[in-house]
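Beneath this line is the structure, given in structure tokens, with notes to follow.
Number of protein chains: 2
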Amino acid sequence: MPSDVESAMESLILVFHRYASEEGGYYTVSRDKLKQLMKTELPSYLQAQKDPAVIDKMMKDLDASGGGQINFEQFFCLIAGFSISCEKAYQMKLKKTKKK
Amino acid sequence: MPSDVESAMESLILVFHRYASEEGGYYTVSRDKLKQLMKTELPSYLQAQKDPAVIDKMMKDLDASGGGQINFEQFFCLIAGFSISCEKAYQMKLKKTKKK
Numbered sequence: 001m002p003s004d005v006e007s008a009m010e011s012l013i014l015v016f017h018r019y020a021s022e023e024g025g026y027y028t029v030s031r032d033k034l035k036q037l038m039k040t041e042l043p044s045y046l047q048a049q050k051d052p053a054v055i056d057k058m059m060k061d062l063d064a065s066g067g068g069q070i071n072f073e074q075f076f077c078l079i080a081g082f083s084i085s086c087e088k089a090y091q092m093k094l095k096k097t098k099k100k
Numbered sequence: 001m002p003s004d005v006e007s008a009m010e011s012l013i014l015v016f017h018r019y020a021s022e023e024g025g026y027y028t029v030s031r032d033k034l035k036q037l038m039k040t041e042l043p044s045y046l047q048a049q050k051d052p053a054v055i056d057k058m059m060k061d062l063d064a065s066g067g068g069q070i071n072f073e074q075f076f077c078l079i080a081g082f083s084i085s086c087e088k089a090y091q092m093k094l095k096k097t098k099k100k
């Protein structure tokens with residue numbers, strides 16, 4: 001049985017490849033597919049955004065080459081940003097429960 | 001129900017905190033706890049390593065301050081490295097199955 005970390009890593013790889021397409025041997029996610037991914041995988045984040053251009057800004061931050069596609073490494077940076085923010089929120093929750 | 005990405009992020013946060021201890025309001029994982037984490041969460045990687053100092057080298061790479069502790073962001077960099085290698089292996093597997 002895979003460990004929690006192995007399952008989490010596998011899950012992130014499979015989600016990326018659910019939205020990725022292959023061209024010239026490279027697997028990447030387009031802007032439109034990133035929008036679909038975000039709607040399905042991180043709906044609460046997307047709904048909380050007032051800025052309709054949030055996906056375009058995300059792509060701009062992630063897609064260094066400007067080709068309109070992101071690879072797995074760039075996708076993982078996106079997930080890292082969300083995870084680090086969530087972990088900070090989790091820490092605050094821990095500190096609150098400790099004060100009680 | 002959480003999405004696959006939400007579950008994976010939550011899982012990585014909970015695993016980190018399973019091994020982390022709190023000091024001065026900061027949650028970090030020590031070298032010894034990192035070794036335990038690796039043994040439980042990524043056993044096949046650890047067993048494949050010939051170098052007994054692999055954990056010390058990992059700490060050196062991750063622990064920029066040299067305080068012998070890693071925070072969640074540094075832990076996430078470790079997971080990123082493994083995930084990116086695994087995804088490359090996954091891509092090769094996909095390409096092989098396509099050639100058949």
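Note that the protein sequences, when read in sequence, are chains A and B.
If you use the UniProt record's numbering, the first sequence closes out at 100, no skipped numbers anywhere.
If you use the UniProt record's numbering, the second sequence closes out at 100, no skipped numbers anywhere.
Note that beta-carbon positions come from the ideal geometry of N, C-alpha and C, so glycine has one too.
DSSP lists Q69/A as the bridge partner or partners of S30/A.
Of the residues assessed, D63/A falls on the buried side of the cut-off, its CB having 16 or more other CB atoms within 10 angstroms. In the three-state scheme derived from DSSP, where H, G and I count as helix and E and B as strand, S3/B is classed as coil. P43/A and Q36/A have their alpha carbons spaced roughly 10 Å apart. Separation of Y90/A and V54/B (C-alpha to C-alpha, rounded to the nearest whole angstrom) is 30 Å. The C-beta distance from L12/B to V5/A rounds to 7 Å, short enough to meet the 8 Å contact threshold. At a Cβ-Cβ threshold of 8 Å, T97/A and I70/A do not count as neighbours. Residues of the stretch 5-27 of chain A with a C-beta less than 8 Å from any C-beta of chain B: V5, E6, S7, A8, M9, E10, S11, L12, I13, L14, V15, F16, H17, E22, G25, Y27, listed in chain order. When only Cα atoms are considered, L94/B and S21/A end up about 12 Å apart. Legend: CB atoms of the UniProt domain "EF-hand" (50-85) of chain B lying less than 7 Å from CB atoms of chain A belong to residues F72, E73, F76, I79, A80, F82, S83, I84. CA-CA distance, H17/A to G67/B, rounds to 38 Å.
Sequence-distant Cβ neighbours of K39/B in its own chain, meaning closer than 8 Å and more than five residues away, are L46. When the alpha-carbon of L14/B is set against those of A8/A, D56/A, L14/A, the nearest one is in A8/A.
Residue environment analysis places E23/B among the exposed positions, since fewer than 16 neighbouring C-beta atoms fall within 10 angstroms of its C-beta. Pairing I84/A with G25/A, the inter-Cα distance amounts to about 31 Å. Residues S21, G68, Q69 of the same chain have their beta carbon placed closer than 8 Å to that of S30/B, with the five preceding and five following residues left out of the count.
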